[in-house]
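Okay, so the sequence shown: first residue is 121 according to my numbering, each after it adds one.
All C-beta atoms in this analysis are idealised placements derived from N, C-alpha and C, irrespective of residue type, glycine included.
Reviewing the structure listed below.
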Amino acid sequence: MSTYSERFSDEQGFARNIMDAVKSSPNHEIQSPEVTSKAVCDEDIDDDSPKPEELNNSLEGLSDRLSAALLNLKAKEDLVNQHAKVAEEAIAGWENAENEVGLLKQQLGTTVQQKSALEDRVSHLDGALKECVRQLRLAREEQEQKIRDTVEEKTRDWESTKVNLERQLLELERKADEAKCESPQNDPSLDKMLESLKRENAALRYELHAQYRELETRTIERDLSTQTAETASKQHLESIKKMAKLEAECRRLKVMSYKPSLVYDHKLAASTTISIESLTDTQSDNGEQLNGVDMDIRRTERNKCVASCSDSWSSNLLVSSNLPSSLELDLMDDFLEMERLASLPETSIRESHQEPEASARPTAEENAIRTELETLRHERSVMEEKLVEMEEAKIELEAKLKQIEMEKDEMEERLEMMETERAEVDEMVAMMESEISESRRKLATMESEKPEMREKLMKLEAEKDELRSALSQSQNSVDISQFQFKETEMKLEKLQNELTFANESKLRIESQLISMEAESLTMNAKVGMLESDIQKERASALALTVKCQGLEEELSRLKHDEQLSQTEISKHELKINQEDLAVAAGKLAECQKTIASLGNQLKSLASLEDFLIDTTQLPEFTDGEEHCKHSNGTLSPRRDSDYTKGVDDSSEPSLNKNEDDSPPFSSSSTSSSVIVSHIVNSEKNRNGFAKFFSRTKGGIKLEI
């Protein structure tokens with residue numbers, strides 16, 4: 121851009137130099153470099169010198185061409201300037217755009233930072249929200265628990281109140297029946313008195329309403345009378361002022377007509393004006409007093425009965441204002457006529473004063489003055505007649521004023537009475553308004569509390585429904601638990617029956633063992649009887665093993681039922697069934713004790729079997745068997761030696777406590793019980809009953 125402008129400035133300077141050279145040559149013989157170059161070429165081509173006309177023509181053409189070139193240069197210069205301006209504006213816009221881009225980058229960085237900060241804050245708020253949700257959940261659970269407790273309490277209270285109310289209702293019904301039976305018939309005199317009191321109340325209300333209406337009408341009449349009195353007093357004052365003005369004008373005219381009595385008339389006019397002014401002052405004072413009284417009345421009776429009496433008041437005011445209109449118009453006409461007459465005598469007086477000075481005037485003027493005096497006399501007579509009429513009107517107005525004053529006194533008396541009545545009515549109205557405002561305030565508070573109470577009622581109803589549903593669910597769960605408890609009780613009863621049967625069998629076995637002990641004294645004579653008894657004992661032992669297996673199955677089933685009940689029953693049900701489970705656990709402990717006692721009996725039977733084997737020494741029991749010697753000197757088969765060792769050491773504390781209470785057995789009973797224990801051990805290992813007993817070095821332990 122700068123190179124183009126420099127080139128354009130060089131061309132412009134070259135063109136300016138050519139123009140200066142052309143202008144400075146007097147005969148236009150200096151040419152441009154192009155012309156000189158062409159001339160040199162022409163000299164080379166043609167040796168002849170050019171003619172001056174041709175040179176002039178060529179100079180003019182060159183000047184035209186130069187002017188056109190200058191015009192083109194100016195146009196190009198303008199275009200260049202425009203392009204330069206556009207380029208400058210573009211550069212400024214580009215710089216502004218770069219500045220805006222920098223600002224936008226800064227804003228982007230700040231927004232990115234704000235976004236990161238907001239994300240951190242959002243994560244923090246998310247954690248806080250989760251914590252709040254957890255706390256809300258805990259609070260809701262606590263609130264639900266409290267609601268359950270409160271509902272239970274409320275239900276109990278409601279049931280108690282319901283029972284009390286039903287009891288009271290029954291008592292009231294009973295009392296009502298007794299009162300109906302004892303109550304006499306209605307008294308007609310009381311009905312008549314009630315009707316008369318109602319009528320009197322209605323009459324008093326109607327009378328109060330009528331008095332209120334009468335009070336309103338009296339206030340309206342008083343206002344109208346006060347306004348009429350004001351208008352009359354104003355009109356009277358205006359009429360007095362006008363009469364005073366007319367009298368003054370009449371006296372002035374008289375003075376002008378009668379020159380000798382001028383001073384006297386002036387004094388009389390001054391006295392009359394003073395009396396008139398005193399009269400007007402007194403009237404104005406009375407009017408001011410009336411206005412003050414009226415203002416007090418208006419101040420006390422303001423804002424009462426305005427809407428009802430506005431129309432009648434305006435009509436009465438129009439009537440009262442139209443009454444003296446004719447009189448005022450007549451007075452205004454008289455006053456204008458008096459002014460016109462007053463203007464005439466002034467000219468006549470001036471002429472009369474100028475008579476001695478202008479004595480040379482003709483007699484025609486004297487004649488004119490005479491005629492004017494005659495007219496003035498005539499008008500004076502007319503004015504006197506009018507003055508008489510005005511005095512009569514004044515007397516009438518004074519009479520009316522007295523009458524108005526009397527009416528004013530009467531109205532003041534009425535006003536005092538009305539004020540007393542109004543004070544009483546105001547007190548009653550104030551009391552009624554205070555009661556109405558208090559009732560409205562209470563109504564507003566009740567209306568404002570009504571939606572809140574409705575919302576609370578809706579919430580309580582919803583909570584009541586929820587609590588009813590929860591109560592029904594808990595009732596169902598309680599029914600289920602009770603049913604399961606009854607089933608467990610039935611099972612326990614069955615187990616108790618079986619235990620009683622086992623105890624009976626135990627007693628029977630004990631009796632048999634006693635008999636076997638008695639028979640062991642005569643063992644040699646009664647070996648056959650002992651064999652039969654051993655077979656019987658084997659059969660009973662088999663029955664006992666079967667019963668023990670059944671008891672084992674029952675115990676496993678009970679445990680399974682307890683596990684199922686523990687998974688199904690909730691915390692609330694567990695609290696209810698803890699005592700029942702404790703009772704069941706006690707019964708189960710008793711069953712375990714009975715089973716342990718049965719194990720002890722079986723052990724005693726095994727020791728009895730060993731004793732019998734050691735004491736009998738019969739050949740049918742000793743054939744083909746190897747015997748080992750016990751610590752007590754008895755012999756037993758080798759396959760049962762380990763078991764008998766455990767039985768011999770049964771006095772250790774690993775056995776049940778009931779073992780110490782078992783009766784001692786003789787040598788004859790032990791020999792018969794060895795065979796039974798052998799059979800029982802084989803049956804136990806076969807049927808799985810051995811898990812209740814474990815062989816240890818110290819003896820046999822009971823495992824449950």
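For residue i, the nearest candidate out of the options (CA to CA)
i	options	result
K374	I267, I360, R497	R497
L701	L580, D681, T714, S635	D681
V508	E286, L366, G222	L366
V271	E673, A323, L580, E575	L580
Residue j beta carbon less than 8 Å from that of residue i
i	j	result
L535	R342	yes
L678	L708	yes
K667	E618	yes
M538	L328	no
C711	L615	yes
A349	K528	yes
Under the three-state DSSP convention, the category residue i falls into
i	result
R422	Note that R422 scores a pLDDT of 49, beneath 50, so its modelled location is shaky; the value from the coordinates is reported in the next line. Residue state, collapsed to three classes: coil.
Q305	Because Q305 carries a pLDDT of 48, less than 50, the predicted location of this residue cannot be relied on, and no value is offered for it.
S789	With a pLDDT of 40 at S789, under the threshold of 50, the modelled position of this residue cannot be trusted; read the value that follows with caution. Correct three-state label for S789: helix.
C161	Note on C161: pLDDT 41, under 50, position unreliable in the model; the coordinate value appears next. Residue state, collapsed to three classes: helix.
A550	helix
P465	The predicted position of P465 is uncertain, since its pLDDT is 43 and thus under 50; a value taken from the coordinates is nonetheless stated next. Looking at P465 - three-state DSSP - the assignment turns out to be helix.
Expected contact under 8 Å - CB spacing of residue i and residue j to nearest Å
i	j	result
R828	L577	Coverage of the chain is limited to positions 121 through 824, which leaves residue 828 absent and any answer about it impossible.
K514	M363	6 Å
S353	L517	10 Å between Cβ atoms; not a contact.
A704	T620	So it is not a contact: roughly 18 Å between Cβ atoms.
A638	L718	Contact doesn't hold; Cβ gap of about 24 Å is too wide.
M503	C370	6 Å
L675	S625	No, L675 and S625 are not in contact; Cβ-Cβ is about 19 Å, not under 8 Å.
L662	I715	Not quite, the Cβ-Cβ distance comes to about 17 Å (not below 8 Å), so this is no contact.
beta-carbon residue i near the ligand HEM non-hydrogen atom, thresh 7 Å
i	result
G222	Within the structure as shown, the ligand HEM is missing, as the structure has no ligands at all.
request  = Evaluate contact between the segment 656-667 and the segment 612-629, counting only Cβ atoms and requiring at least three cross-stretch pairs below 8 Å.
outcome  = A contact exists between the segment 656-667 and the segment 612-629.
key: the segment 341-357 contacting the segment 524-532, beta-carbon criterion three pairs below 8 Å   = yes
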